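Each residue of the sequence shown is one higher than the last, beginning at 62 in my numbering. Where is the CB? At the ideal position from N, CA and C, for every residue including glycine. Everything numeric in this text was worked out from a predicted model, so none of it was measured. What follows is a short report on a single structure.
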Amino acid sequence: MEKRTAPPSSSIIQYGTVTDRLQSVQRLGQQRVVLQLPLTPEKHIFVCVWLCALTDVMSGRVGDLSPKQSVALEEFRERIQDVLPLLPAHHDHFLLRWLRARNFNVTKSEAMLRKHLDFRRHMNADTITTEWQPPEVIEKYLSGGMCGYDREGSPIWWDVIGPVDPKGLFLSASKQDFIKSKIRDCEILQKECELQSERLGRHVEAITMIYDCDGLGLKHLWKPAIETYGEILTMFEDNYPEGLKRLFVIKAPKLFPVAYNLIKHFLSEITRNKIIILGANWQEVLLNYIDPEQLPAAYGGKLTDPDGDPRCRNKIHYAGPVPASYFVRESVKVDYEQCLTVSRGSSQQLEYEILFPGCVLRWQFSSDGADIGFGVFMKGKMGQRQNASQMQEVVPSQRYNTHLVPEDGSLTCSEPGIYVLRFDNTYSIFQSKHISFTVEVLLPGQSQSLKNMIGMESGPSNQSQSLKNRSLSESGASSQSQSLKNRGGSERGASSQSQSLKNRGGSERGASSQSQSLKNRGGLESGASSQS
Numbered sequence: 062m063e064k065r066t067a068p069p070s071s072s073i074i075q076y077g078t079v080t081d082r083l084q085s086v087q088r089l090g091q092q093r094v095v096l097q098l099p100l101t102p103e104k105h106i107f108v109c110v111w112l113c114a115l116t117d118v119m120s121g122r123v124g125d126l127s128p129k130q131s132v133a134l135e136e137f138r139e140r141i142q143d144v145l146p147l148l149p150a151h152h153d154h155f156l157l158r159w160l161r162a163r164n165f166n167v168t169k170s171e172a173m174l175r176k177h178l179d180f181r182r183h184m185n186a187d188t189i190t191t192e193w194q195p196p197e198v199i200e201k202y203l204s205g206g207m208c209g210y211d212r213e214g215s216p217i218w219w220d221v222i223g224p225v226d227p228k229g230l231f232l233s234a235s236k237q238d239f240i241k242s243k244i245r246d247c248e249i250l251q252k253e254c255e256l257q258s259e260r261l262g263r264h265v266e267a268i269t270m271i272y273d274c275d276g277l278g279l280k281h282l283w284k285p286a287i288e289t290y291g292e293i294l295t296m297f298e299d300n301y302p303e304g305l306k307r308l309f310v311i312k313a314p315k316l317f318p319v320a321y322n323l324i325k326h327f328l329s330e331i332t333r334n335k336i337i338i339l340g341a342n343w344q345e346v347l348l349n350y351i352d353p354e355q356l357p358a359a360y361g362g363k364l365t366d367p368d369g370d371p372r373c374r375n376k377i378h379y380a381g382p383v384p385a386s387y388f389v390r391e392s393v394k395v396d397y398e399q400c401l402t403v404s405r406g407s408s409q410q411l412e413y414e415i416l417f418p419g420c421v422l423r424w425q426f427s428s429d430g431a432d433i434g435f436g437v438f439m440k441g442k443m444g445q446r447q448n449a450s451q452m453q454e455v456v457p458s459q460r461y462n463t464h465l466v467p468e469d470g471s472l473t474c475s476e477p478g479i480y481v482l483r484f485d486n487t488y489s490i491f492q493s494k495h496i497s498f499t500v501e502v503l504l505p506g507q508s509q510s511l512k513n514m515i516g517m518e519s520g521p522s523n524q525s526q527s528l529k530n531r532s533l534s535e536s537g538a539s540s541q542s543q544s545l546k547n548r549g550g551s552e553r554g555a556s557s558q559s560q561s562l563k564n565r566g567g568s569e570r571g572a573s574s575q576s577q578s579l580k581n582r583g584g585l586e587s588g589a590s591s592q593s
């Protein structure tokens with residue numbers, strides 16, 4: 062069959078994958094399409110059917126919406142009117158990111174966005190760039206940084222993998238510190254995109270990333286590091302959709318496919334399609350996308366620091382081994398008040414009845430030998446055990462590497478109710494977990510804490526504990542009574558414990574008295590016992 066030549070005003074689509082055809086049609090816009098011949102009759106029919114089906118495919122961006130996509134945008138905006146003021150942005154560009162992430166399914170996009178708002182509240186994302194500072198060890202020894210802009214004006218983020226010391230970092234800071242630092246980076250990059258939009262007079266919403274994989278080795282495949290990186294990727298997918306334009310991987314060693322296979326299931330297909338693994342000509346390819354003046358000299362461009370450093374260390378951290386002086390295991394000794402064992406395949410729940418809004422629930426814990434799941438929930442009634450799925454999640458349940466670094470956190474209870482601290486070991490089919498922990502309830506507006514102590518390791522015993530507490534009140538005389546009930550149960554066996562903590566408070570002016578009781582019930586794995 063004779064080959065046709067495409068006229069200058071037309072474009073050519075070759076027979077390829079479905080993704081190829083989708084991307085080709087999106088690029089072509091209103092241009093006339095000419096097929097590359099020869100095609101077999103079967104391929105010809107197949108391609109023609111696909112082209113007919115794809116003539117209405119649009120990019121889903123402002124100014125390039127199909128009628129269906131426009132209707133979806135209007136419906137989406139209408140559905141989220143109640144939360145629009147809480148969003149970082151209200152314009153169509155921002156809303157379309159959530160719709161594209163869920164293929165313009167309005168219901169799924171709405172659920173995704175509302176969950177993101179919960180995430181922003183929990184992580185204080187609106188103020189994290191100004192009010193939270195990463196630990197020193199993360200600032201000094203976690204590599205990467207923003208440096209330069211691509212030819213379309215998008216900020217470029219660099220991750221330099223080789224020098225990173227995963228184990229040293231995890232022995233020096235908590236997993237939550239790493240996640241918060243990455244949230245902070247995402248917020249900084251979003252703000253930079255907004256600034257670029259103002260500078261250029263056109264919308265910039267996505268970044269270019271460059272992964273320098275030189276030196277990638279087995280130390281980077283350490284399981285706790287891979288799991289945490291997976292959580293960070295999931296966080297990025299769920300809360301910053303369409304924030305990535307493209308990701309270049311350079312200097313990839315033979316080990317790279319192994320590393321990629323460990324984390325690729327955390328990435329959506331859309332994100333995976335944005336990853337470009339470059340070969341030996343990576344400098345040449347980068348210069349196609351980045352002006353030499355915006356590319357560090359060490360990577361084939363002309364950009365240097367003011368002191369002439371070709372690696373631009375003022376903007377890109379290259380990290381290195383973490384000094385042992387940062388290891389919290391060697392420098393911090395934590396004395397916990399309580400301990401419990403969570404059996405393999407089970408969980409333990411500790412219940413607290415909070416009577417006043419504004420109380421602060423504070424916890425600190427570590428585990429022996431392996432990680433442990435932890436989350437905070439609310440439920441309607443005290444004592445009636447419920448599964449996690451039956452309760453309202455207040456602090457999302459996650460697995461914490463507290464066998465490496467102790468975890469501490471707090472929650473300001475916005476409303477009274479039964480708050481459940483849940484230690485989760487249901488995912489472990491072989492290993493029980495021994496947890497050492499301290500839980501405190503801080504009353505609103507007072508320097509006061511009640512420590513709840515739970516004995517779980519031995520048989521029946523009588524326990525009575527008295528905590529003396531002094532708080533400052535501003536004037537007059539007042540009396541308060543509060544009952545904090547704490548019940549902890551595992552999914553196997555039954556037992557109960559009760560403890561009474563008497564609290565006395567003195568004020569600088571006048572007199573105040575408070576009486577509080579903490580009732581604690583803990584479930585052990587075998588037998589039944591009661592303690593009072």
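Item checked: Rounded Cβ spacing between residue 442 and residue 479 (contact assumed at less than 8 Å) -> 7 Å
Next item on the list: For residue 271, name the three-state secondary structure that DSSP assigns.
Entry: Secondary structure of residue 271 (DSSP, three-state): strand.
Next item on the list: Work out the CA separation of residue 221 and residue 341 for me, nearest whole Å.
Entry: 18 Å
Checklist line | Contacting residues, own chain, Cβ-Cβ under 7 Å from residue 347 (five flanking each side not counted) | finding: Once the five neighbours on either side are set aside, the close Cβ partners of residue 347 are 309, 356, 360 and 361.
Next item on the list: Rank 472, 463, 288 and 243 by C-alpha distance to the C-alpha of residue 498 and give the top, closest one.
Entry: 463
Note to self: Among 431, 483 and 444, whose alpha-carbon lies nearest the alpha-carbon of residue 424?
What the structure shows: 483
Margin query: Taking DSSP's pairing of strands, which residues face residue 216 in a bridge?
Written below: 210
Check: What are the residues that DSSP puts in a beta bridge with residue 414?
Finding: 479
Margin query: Please report the distance separating the alpha-carbon of residue 553 from that of residue 413.
Written below: Here the model assigns residue 553 a pLDDT of 38, short of 50, so the residue's position is not dependable and the matter cannot be decided.
Item checked: Those runs of the beta strand (DSSP E) which lie wholly inside the segment 437–469 and span at least 3 residues -> The segment 437–469 contains these whole beta strand (DSSP E) runs: 453–461.
Check: Using 8 Å as the limit for Cβ to Cβ distance, is residue 496 near chain C?
Finding: Of the protein chains in the structure, only one exists, and it is not chain C.
Margin query: Rounded to the nearest angstrom, what separates residue 149 and residue 304 at their Cα positions?
Written below: 14 Å
Check: In its own chain, which residues sit with a C-beta less than 7 Å from the C-beta of residue 336, not counting the 5 before and 5 after it?
Finding: 308 and 310
Note to self: Distance check for residue 286 and residue 173, CA to CA, integer angstroms please.
What the structure shows: 27 Å
Next item on the list: Indicate the three-state DSSP secondary structure (helix, strand or coil) for residue 363 in the structure shown.
Entry: coil
Check: With respect to 7 Å, is the separation between the Cβ of residue 381 and the closest non-hydrogen atom of the ligand HEM below this value?
Finding: In the structure shown, the ligand HEM is absent, as is every other ligand, since no ligand is present at all.
Checklist line | Residue environment, residue 465, which counts as buried when at least 16 other CB atoms sit within 10 Å | finding: Its Cβ being crowded by 16 or more others within 10 Å, residue 465 is buried.
Notebook entry, point to check: How many whole angstroms separate the CB atoms of residue 215 and residue 271, which I take to be in contact at a CB cut-off of 8 Å?
Noted result: 12 Å between Cβ atoms; not a contact.
Checklist line | Simplified DSSP assignment, three categories, for residue 388 | finding: coil
Check: Leaving out the 5 sequence neighbours to the left and right, which residues in its chain are closer than 7 Å to residue 461 when beta-carbon positions are compared?
Finding: 236, 432, 433, 435 and 468
Checklist line | Close Cβ partners of residue 203 (< 6 Å) along its chain, the five nearest in sequence each way excluded | finding: none
Checklist line | Residue interval of the alpha helix (DSSP H) (run including residue 132) | finding: 128–140
Margin query: Using the three-state DSSP reduction, which class does residue 378 fall into: helix, strand or coil?
Written below: strand
Check: Using a Cβ-Cβ cut-off of 7 Å (strictly less than) and excluding sequence neighbours within five positions of residue 339, which residues of its own chain qualify?
Finding: 309, 310, 311 and 346
Item checked: Alpha carbon of residue 156 to alpha carbon of residue 137, nearest angstrom -> 8 Å
Next item on the list: Using three-state DSSP, classify residue 298 as helix, strand or coil.
Entry: helix
Item checked: Residue range of the unbroken beta strand (DSSP E) whose run includes residue 428 -> Residue 428 -> beta strand (DSSP E) spans 421–428.
Item checked: Same chain, Cβ closer than 7 Å to residue 169, neighbours up to 5 away in sequence not counted -> 163
Notebook entry, point to check: What is the DSSP secondary structure of residue 260, counted as helix, strand or coil?
Noted result: Three-state DSSP puts residue 260 in a helix.
Notebook entry, point to check: Residues bridged to residue 125 by DSSP?
Noted result: Under DSSP, the beta-bridge partners assigned to residue 125 are 122.
Check: Between the beta-carbon of residue 184 and the beta-carbon of residue 244, is there less than 8 Å?
Finding: yes
Note to self: Whole angstroms are fine: how far does the CA of residue 405 sit from the CA of residue 491?
What the structure shows: 6 Å
Note to self: Quick check: residue 178 and residue 153, are their CB atoms within less than 8 Å of each other?
What the structure shows: no
Notebook entry, point to check: If you compare alpha carbons, which of 120, 158 and 171 is closest to residue 139?
Noted result: 171
Checklist line | Host beta strand (DSSP E) of residue 309 (start-end) | finding: 305–311
Margin query: Check this for me: beta carbons of residue 481 and residue 411, under 8 Å apart or not?
Written below: yes
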